[in-house]
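Notes for the one structure printed next.
Number of protein chains: 2
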Amino acid sequence: MNTRPTLEAVAERAGVSRGTVSRVINDSPRVSARTRETVLAVVEELGYVPNHAARTLVTRRTDTVALVVSESEERVFTEPFFAGVLRGIGTALSAAGLQLLLAMAQSAAERARLERYLAGHHVDGVLMLSQHDHDTLPALVTRLRLPLVLGGHRQRALVYVDVDNVGGAHQAVAYLAASGRRAIATITGSPDMRAGRDRLTGYRDGLEEAGLALDDGLVGTGDFGPESAARAMGDLLDQRPDLDAVFAASDPMALEAVRVLRSRGRRVPEDVAVIGFDDSDLARHADPPLTTVHQPVERMGQEMARLLIAQMNGMPVPRPVVLPAHLEVRGTA
Amino acid sequence: MNTRPTLEAVAERAGVSRGTVSRVINDSPRVSARTRETVLAVVEELGYVPNHAARTLVTRRTDTVALVVSESEERVFTEPFFAGVLRGIGTALSAAGLQLLLAMAQSAAERARLERYLAGHHVDGVLMLSQHDHDTLPALVTRLRLPLVLGGHRQRALVYVDVDNVGGAHQAVAYLAASGRRAIATITGSPDMRAGRDRLTGYRDGLEEAGLALDDGLVGTGDFGPESAARAMGDLLDQRPDLDAVFAASDPMALEAVRVLRSRGRRVPEDVAVIGFDDSDLARHADPPLTTVHQPVERMGQEMARLLIAQMNGMPVPRPVVLPAHLEVRGTA
DNA sequence: CTACGCTGTGAGAGCGCTCACACAGAGAAA
DNA sequence: TTTCTCTGTGTGAGCGCTCTCACAGCGTAG
Numbered sequence: 044m045n046t047r048p049t050l051e052a053v054a055e056r057a058g059v060s061r062g063t064v065s066r067v068i069n070d071s072p073r074v075s076a077r078t079r080e081t082v083l084a085v086v087e088e089l090g091y092v093p094n095h096a097a098r099t100l101v102t103r104r105t106d107t108v109a110l111v112v113s114e115s116e117e118r119v120f121t122e123p124f125f126a127g128v129l130r131g132i133g134t135a136l137s138a139a140g141l142q143l144l145l146a147m148a149q150s151a152a153e154r155a156r157l158e159r160y161l162a163g164h165h166v167d168g169v170l171m172l173s174q175h176d177h178d179t180l181p182a183l184v185t186r187l188r189l190p191l192v193l194g195g196h197r198q199r200a201l202v203y204v205d206v207d208n209v210g211g212a213h214q215a216v217a218y219l220a221a222s223g224r225r226a227i228a229t230i231t232g233s234p235d236m237r238a239g240r241d242r243l244t245g246y247r248d249g250l251e252e253a254g255l256a257l258d259d260g261l262v263g264t265g266d267f268g269p270e271s272a273a274r275a276m277g278d279l280l281d282q283r284p285d286l287d288a289v290f291a292a293s294d295p296m297a298l299e300a301v302r303v304l305r306s307r308g309r310r311v312p313e314d315v316a317v318i319g320f321d322d323s324d325l326a327r328h329a330d331p332p333l334t335t336v337h338q339p340v341e342r343m344g345q346e347m348a349r350l351l352i353a354q355m356n357g358m359p360v361p362r363p364v365v366l367p368a369h370l371e372v373r374g375t376a
Numbered sequence: 044m045n046t047r048p049t050l051e052a053v054a055e056r057a058g059v060s061r062g063t064v065s066r067v068i069n070d071s072p073r074v075s076a077r078t079r080e081t082v083l084a085v086v087e088e089l090g091y092v093p094n095h096a097a098r099t100l101v102t103r104r105t106d107t108v109a110l111v112v113s114e115s116e117e118r119v120f121t122e123p124f125f126a127g128v129l130r131g132i133g134t135a136l137s138a139a140g141l142q143l144l145l146a147m148a149q150s151a152a153e154r155a156r157l158e159r160y161l162a163g164h165h166v167d168g169v170l171m172l173s174q175h176d177h178d179t180l181p182a183l184v185t186r187l188r189l190p191l192v193l194g195g196h197r198q199r200a201l202v203y204v205d206v207d208n209v210g211g212a213h214q215a216v217a218y219l220a221a222s223g224r225r226a227i228a229t230i231t232g233s234p235d236m237r238a239g240r241d242r243l244t245g246y247r248d249g250l251e252e253a254g255l256a257l258d259d260g261l262v263g264t265g266d267f268g269p270e271s272a273a274r275a276m277g278d279l280l281d282q283r284p285d286l287d288a289v290f291a292a293s294d295p296m297a298l299e300a301v302r303v304l305r306s307r308g309r310r311v312p313e314d315v316a317v318i319g320f321d322d323s324d325l326a327r328h329a330d331p332p333l334t335t336v337h338q339p340v341e342r343m344g345q346e347m348a349r350l351l352i353a354q355m356n357g358m359p360v361p362r363p364v365v366l367p368a369h370l371e372v373r374g375t376a
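Pasting the structure below:
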């Protein structure tokens, strides 16, 4: 097996023409059962595998999809978000016979290379994981007429799959209110990220529904990271020492809040209840385990793939999908 | 720009032949400066991008490398290991102008598909992340004469990049001994995984070097997961209530050990020092932050890519690389 | 002045496949 | 019988590129 067998070789050995073998390989109905059987036997015997490049050259389909993680978004690679989404995408693509190309554009040079790559139409579609509001890549991809699906982020006029951040935050606050908490504070995520803003909106909705007044003294600004949460939690306690609950827009922030609360002599959850967001490993392994809002990450990956495949098959541009989040009650609330 | 420009189009517009344009694109020295300039201008003007499939068809190179994550190894996707390795691989491949294809074979069907894919020589090389001792994929890849590099795992006669688990564990124990601990226990990883065995070896080496006796009563068997650690820690305390330090083979196990120790009335680190392994997010965000052994994950990814590229360029099969780990001293020891 | 390099360029073949079309043969309708 | 389906198969072109070979033009040596 010095040289890999071609269609031609299979055809000759099976005593048919190239075209017929091609038809068998591609499951064309216009082949007799007898012939199909013979050909498949020879395919098996010679270990024939179609040459992807040759096929792509004529069909103009690559059967490959790019997953673009734009910029150096450390946060994207965070457990369990990235891993879960990846798994979902992988499963769905694999079932459809598609390959996944992972493109991380961290530096400007890599980014330029990526743009050229996409411009070369080396993939049939693009999945993007991005948090930033202003990324020029989606526009480029659209201009290239490549099917595109965004994940974990929304952008007008584009197809995206996102989690219901508003609803998730709402649920968390509703739960706190239902357990009798009356001074419910929040530590927000970055205001320039959609997820951060949405979670704040959900917080407000929750308060409103519970008939609790919105108090700016109960809103601390964070950026999803723990350092910002330490500061915010301290400020909140200074302003409202009577607070009895905190909803943080991320798990690391919630954990940090727990730490600060304890160092200030509050018991969690007895004196102050705490809820996070993301349901990361951190939450599950914390002591006590953190009550947090769970996102269906794997499902999100699957939906992304599904919407992309639909577009690749020429179906009308699908509607964006927003997946529900749910509260995972553990030890801190 | 209905149809994408071809070499032919560039050639015509530049008033040269297809061959000459090809030479310019491929940086052949046999082109006059004048011609090169003209051609490049036209390339720019028309936005020409070479057709990858056509090129692959004749050169038999795909400029693509597969990263195979075999079986449903949840653990592989764990922070920061996978993310770090991935980043390292991405950077190195990108610099070499190579694409990264991510292949996750979770089910038997996906696995079969993957094998067929690799058999089709659709990639120029394979990187594998695997923990299991008995995986048949490396043998298959080798049989296909595809360059291969294993990561985080060792296998005789194959090229791999691994972390010095023995040395890392050794360091941890040496540190404990140096701070005056005398009854140093360990909670091991899975005995059927190389990393687990190596960390146990390092523990023994450390004890020996410090002149401490090896006591089976101080060795608890775990499987890297927290549940196993809870059990092991309990048993250890029953057998040796005098123990004053624990080296756990993973961060989740170390964290669980801390919890059990506290529930049994021990203070950490005052009464019992604890050290983990991996330097995960968990470790950094624990309270107090966990002292643990750090692995150079990003570097590991880069090395994997480097060794693979060397093989792809026809260089002699490189030697395996073992990267050093180092102790990250934080709050628990 | 002829012969021989050497450099830069062009022409042609062919990589392995799909797809449109041609066409042979069997059966049904005229 | 002839004609017209219909089914199954073969044939040829061509996807966009690289690579080998041929060769024109020039300088340099014999």
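In the order they appear, the protein sequences are chains L and F.
The working numbering numbers the first residue of the first sequence as 44 and each following residue consecutively.
The working numbering numbers the first residue of the second sequence as 44 and each following residue consecutively.
Note that beta-carbon positions come from the ideal geometry of N, C-alpha and C, so glycine has one too.
{"Query": "L/Asp266 beta carbon less than 8 angstroms from that of L/Gly232", "Result": "yes"}
{"Query": "Spatially closest choice to F/Gly357 from F/Gln214, F/Pro48 and F/Asp167, by CA coordinates", "Result": "F/Asp167"}
{"Query": "Contiguous alpha helix (DSSP H) assignments of at least 4 residues, all confined to the stretch 264-343 of chain F", "Result": "269-282, 294-306 and 324-328"}
{"Query": "Cα-Cα separation between F/Gly268 and F/Ser293, rounded to whole angstroms", "Result": "8 angstroms"}
{"Query": "is_contact[L/Ser65, chain F] using C-beta, thresh 8 angstroms", "Result": "no"}
{"Query": "Residues within the stretch 312-344 of chain F neighbouring chain L, beta-carbon criterion of under 7 angstroms", "Result": "Asp324, Leu325, His328 and Asp330"}
{"Query": "Below-8 angstroms beta-carbon distance, F/Gly357 vs any chain L residue", "Result": "no"}
{"Query": "Start-end ranges of the alpha helix (DSSP H) lying completely within the stretch 177-251 of chain F, minimum 4 residues", "Result": "180-186 and 208-221"}
{"Query": "Pair within 8 angstroms by beta-carbon distance, L/Val202 and L/Pro339", "Result": "no"}
{"Query": "Whether F/Val27 touches L/Ala220 by CB criterion (8 angstroms)", "Result": "Shown here, chain F extends from 44 to 376; a query on residue 27 of chain F therefore has no answer."}
{"Query": "Contact set between F/Glu153 and chain L, taken where Cβ atoms lie within less than 7 angstroms", "Result": "Ser137"}
{"Query": "Partners in chain L for F/Arg237, counting only beta-carbon separations shorter than 9 angstroms", "Result": "None at all; the shortest Cβ gap to chain L is about 23 angstroms."}
{"Query": "Simplified DSSP state of F/Met44, which is helix, strand or coil", "Result": "Because the pLDDT at F/Met44 is just 41, under 50, the model does not fix this residue reliably, and the value given afterwards should be weighed accordingly. The answer is coil: DSSP assigns F/Met44 none of H, G, I, E or B."}
{"Query": "Contact set for F/Thr105: own chain, Cβ-Cβ below 7 angstroms, skip 5 residues either direction", "Result": "Thr99, His165, Val166 and Asp167"}
{"Query": "Contact the stretch 78-87 of chain L vs the stretch 140-152 of chain L: 3+ CB pairs below 8 angstroms", "Result": "no"}
{"Query": "Contact with chain F by L/Leu298, beta-carbon distance below 8 angstroms", "Result": "yes"}
{"Query": "Opposing strand residues paired with F/Met355 [DSSP bridges]", "Result": "Bridge partners of F/Met355: none, in fact."}
{"Query": "Spatial neighbours of F/Asp178 in its chain, beta-carbon cut-off 7 angstroms, leaving aside the 5 residues before and after", "Result": "Ser113"}
{"Query": "Chain-ordered neighbours of F/His164 on chain L, where CB pairs are closer than 7 angstroms", "Result": "Arg47"}
{"Query": "Residues near F/Val206 in its chain [Cβ-Cβ closer than 6 angstroms; skip 5 each side]", "Result": "Gln338, Leu366 and Ala368"}
{"Query": "L/Leu89 (DSSP reduced to helix, strand or coil)", "Result": "helix"}
{"Query": "Beta strand (DSSP E) segment containing L/Ser113, residue limits", "Result": "Thr107 to Ser113"}
{"Query": "Residues that L/Leu350 contacts on chain F, provided the C-beta gap is smaller than 8 angstroms", "Result": "Per Cβ cutoff of 8 angstroms: no residues; L/Leu350 is ~19 angstroms from chain F at best."}
{"Query": "Residue-level contact to chain L via CB, F/Met347, 8 angstroms cutoff", "Result": "no"}
{"Query": "Span separating the alpha-carbon of F/Pro284 from that of L/Glu371", "Result": "37 angstroms"}
{"Query": "Residues near L/Met355 in its chain [Cβ-Cβ closer than 7 angstroms; skip 5 each side]", "Result": "Asp167, Gly168 and Pro190"}
{"Query": "Proximal chain F residues relative to L/Leu143, where beta-carbon distance stays under 9 angstroms", "Result": "Leu144, Leu145, Ala146 and Met147"}
{"Query": "Sequence-distant residues of the same chain with beta carbon closer than 8 angstroms to F/Arg197, five excluded per side", "Result": "Tyr203, Asp205, Arg237 and Pro363"}
{"Query": "Spatially closest choice to F/Asn208 from F/Ala228, F/Gly195 and F/Arg242, by CA coordinates", "Result": "F/Arg242"}
{"Query": "Buried versus exposed, by CB contacts within 10 Å (16 or more), L/Val101", "Result": "exposed"}
{"Query": "Rounded C-alpha distance that separates L/Ala217 from L/Ser323", "Result": "21 angstroms"}
{"Query": "F/Ala15 - DSSP class collapsed to helix/strand/coil", "Result": "Since the first and last residues shown for chain F are 44 and 376, residue 15 of chain F lies out of range."}
{"Query": "Residue range of the alpha helix (DSSP H) that includes F/His95", "Result": "His95 to Thr102"}
{"Query": "Bridge partners - L/Glu371, DSSP secondary structure assignment", "Result": "L/Thr335"}
{"Query": "Where L/His95 meets chain F, residues with beta-carbon distance less than 7 angstroms", "Result": "Gly163 and His165"}
{"Query": "Proximity winner among F/Leu298, F/Glu341 and F/Ile132, relative to F/Pro332 (alpha-carbon distances)", "Result": "F/Leu298"}
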